[in-house]
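K.L.:
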Amino acid sequence: FSNFKNFIMKKKIAILGSTSSIGKSLLDIINKNQKKFKIELLTANSNYKDLIIQAKKFNVKNIIITDLNSFKKTKIICKNKNINIFQNFENLKKILPKKVDYVMSAISGIGGLLPTHNIIQSTKLIAIANKEAIICGWPLIKKELKKHKTQFIPVDSEHFSIFSLLNTKNKDDIEKIYITASGGPFRNLPKNQFKNIKLKDALKHPNWRMGKKITIDSATLMNKVFEVIEAKNIFNIDYKNISILIHPKSYVHAIIKFKNGLTKFLIHEPDMKIPIYNSIYYQTLKTQKSTSLDFNILNNLNLNKVEENRFPLVRLLNKLPKKSSLFETVLITVNDYLVYKFLEKKINFQKLIKLINEISNLKEFQKFKKIKPKNLKEIYNLRDYVHLKLDALGI
Ligand code: NDP
Ligand code: MG
76 FSNFKNFIMK KKIAILGSTS SIGKSLLDII NKNQKKFKIE LLTANSNYKD
126 LIIQAKKFNV KNIIITDLNS FKKTKIICKN KNINIFQNFE NLKKILPKKV
176 DYVMSAISGI GGLLPTHNII QSTKLIAIAN KEAIICGWPL IKKELKKHKT
226 QFIPVDSEHF SIFSLLNTKN KDDIEKIYIT ASGGPFRNLP KNQFKNIKLK
276 DALKHPNWRM GKKITIDSAT LMNKVFEVIE AKNIFNIDYK NISILIHPKS
326 YVHAIIKFKN GLTKFLIHEP DMKIPIYNSI YYQTLKTQKS TSLDFNILNN
376 LNLNKVEENR FPLVRLLNKL PKKSSLFETV LITVNDYLVY KFLEKKINFQ
426 KLIKLINEIS NLKEFQKFKK IKPKNLKEIY NLRDYVHLKL DALGI
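For the sequence shown, this note's numbering gives the first residue as 76, with consecutive numbering after it.
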């Protein structure tokens, strides 16, 4: 009987971007308790080797691989295996005819918006790490969540912390939210040495191990600019009530000062497995081994305002429209494009910062601050338009 009970209680899950750093951490967690879960779908862009290994290991029936060449290779390799292979996110209803219990959205970049949006109808709960989707398409995601009565949990550590701290309280009880930033590898670098920064220095994050793109965004602090937008969207709080604090140890992730005089902190080790774990075991009692409180860090929290001269990109926050707009897509696209140029060593670190600032402030992009995104197509068309503009600049 207990076997039967375990069988019927298996949590059905799908992972968008299972080959990502977030996806792999989630699979590690699932691996420790395989009996409890049944994975219905895994996806990747081009890393078919890892995707196939994952599918075999977890006995997964459906995979999506978007890159055409990798899709073809996967088809050949898996010819005699009992796996359904798809190349896009159009047929999610067919792949997941019944709602699964949990989806993790961990594709990186704005490419994650469409899959995230489209899978909401097929799940009872969605945990979203893909911050670009939340930043560019929040009004569309929110609508889908409501329409399909799908629960949502943010995974980005600061937002997971705010979500946990808020509990049943509502946003009207909040006076101010602080999200923390480690300050990245250049928090203490003398300003006159910024010109010597090498790619490998920027990829050395002091506290977190993440994908390359977000690691660079952490070094420029653009990641925090994005996280402020993310927090404003998710929790419906005005920009003026959200602040960034530099906190080198990444032990505190968010602080909320409530109007009733109480202030709450959320602390955990800088390990994404903690928010991921708590999202998949949401509202179920499950203990996870963790280290004891570090009083040494607690006694030296060292929380400080951001030095804007060192991290000028945070000033972009002063110019953002109060309501969600298409301009966020411009900002994400410009940053994305330039970060890849930096990763390809086409521009240096100082140029990266200068160009993000200059290009996103171009007059022709400002009109998008007044336009609310109405559908996915509009967002992707704008992304393509911004790409063309950037190509024309010949960076
Ligand atoms: P990675 O760079 O490690 O992985 C990216 C994933 O997305 C891979 O599975 C990749 O497939 C897939 N992918 C990329 N582009 C596409 C596309 N166009 N279509 C379909 N799949 C695609 O990502 P991270 O784990 O670092 O980050 C994932 C998301 O979570 C990001 O939005 C990031 O900002 C956010 N986040 C990450 C944190 C972290 O600690 N890593 C912390 C907080 C938020 P393939 O492997 O085949 O290339
Ligand atoms: Mg974060």
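Where a beta carbon is used, it is the ideal one built from N, C-alpha and C, also for glycine.
Quantities reported herein were computed from a predicted structural model and do not represent experimental measurements.
With which residues is M179 paired in a DSSP beta bridge?
P.N.:
M179 is bridged to I90, A202.
K.L.:
Please list the terminal residues of the continuous alpha helix (DSSP H) segment that includes V409.
P.N.:
Run containing V409: 402-418, per the alpha helix (DSSP H) assignment.
K.L.:
Per DSSP, S318 is paired with what?
P.N.:
DSSP, once it has assigned bridges, lists Y253 as partnering S318.
K.L.:
Using only the alpha-carbon positions, how far apart do G212 and L189 sit?
P.N.:
Rounded to the nearest angstrom, the two C-alpha atoms are 9 Å apart.
K.L.:
May I have a chain-ordered list of the beta strand (DSSP E) segments no shorter than 3 residues that lie completely inside the region 108-189?
P.N.:
Listed in chain order, they are 112-119, 137-140, 159-161, 177-180.
K.L.:
Assign I228 to one of three DSSP states: helix, strand, or coil.
P.N.:
Three-state DSSP puts I228 in a strand.
K.L.:
Go through the region 227-308 residue by residue and report every complete run of the alpha helix (DSSP H) that reaches 4 residues or more, in order.
P.N.:
With a minimum length of 4 residues, the continuous alpha helix (DSSP H) runs that stay inside the region 227-308 are 232-241, 274-277, 287-295.
K.L.:
Is it buried or exposed for L468, if we count other Cβ within 10 angstroms and need 16 for buried?
P.N.:
Exposed, since its Cβ has fewer than 16 Cβ neighbours within 10 Å.
K.L.:
Ordered along the chain, which non-local residues of its own chain (more than five positions away) have a Cβ less than 8 Å from that of Y326?
P.N.:
Cβ within range, chain order: I342, H343, E344, P345, D369, I372, L373, L376.
K.L.:
Can you tell me whether H223 is helix, strand or coil according to DSSP?
P.N.:
If DSSP states are grouped into helix, strand and coil, H223 belongs with coil.
K.L.:
Among S318, T255, K275, A89, whose alpha-carbon lies nearest the alpha-carbon of Q129?
P.N.:
Out of S318, T255, K275, A89, A89 has the C-alpha closest to the C-alpha of Q129.
K.L.:
Please name the residue, chosen from N316, H322, K429, I321, that lies closest to I331 on a Cα-to-Cα basis.
P.N.:
Of the listed residues, the one whose Cα sits closest to I331 is N316.
K.L.:
From what residue to what residue does the alpha helix (DSSP H) around I330 run?
P.N.:
Premise fails: I330 lies in the beta strand (DSSP E), 327-333, not in any alpha helix (DSSP H).
K.L.:
Does the Cβ-Cβ distance between V414 and I291 come in under 8 Å?
P.N.:
Closer than 8 Å, so yes.
K.L.:
Is K447 helix, strand or coil by DSSP?
P.N.:
Coil.
K.L.:
Hey, is the region 272-284 in contact with the region 354-367, meaning 3+ C-beta pairs nearer than 8 Å?
P.N.:
Touching, no, given that fewer than three Cβ pairs across the two stretches are closer than 8 Å.
K.L.:
Beta-carbon distances below 5 Å to any heavy atom of ligand 1 define the shell here; list its residues in chain order, please.
P.N.:
Every residue passing the under-5 Å Cβ criterion appears here: G92, T94, S95, S96, I97, A119, N120, S121, N122, T141, A181, I182, S183, G186, A204, N205, K206, D231, M285, G286, I289, M347.
K.L.:
Where K222 and S197 are concerned, what is the direct C-alpha to C-alpha distance, given to the nearest angstrom?
P.N.:
Near 12 Å, if we compare the C-alpha coordinates of S197 and K222.
K.L.:
Measuring only the C-alpha atoms, how far is E219 from K449?
P.N.:
C-alpha separation (whole angstroms): 13 Å.
K.L.:
Any idea which residues DSSP pairs N379 with across the strands?
P.N.:
Paired residues: I321.
K.L.:
Using the rule of at least 16 other Cβ atoms within 10 Å of the residue's Cβ for burial, across every protein chain shown, is G336 buried or exposed?
P.N.:
Exposed: under 16 other Cβ atoms inside 10 Å.
K.L.:
Run the proximity test for E250: is its beta-carbon closer than 7 Å to any non-hydrogen atom belonging to ligand 2?
P.N.:
Flag unset: Cβ of E250 not near ligand 2.
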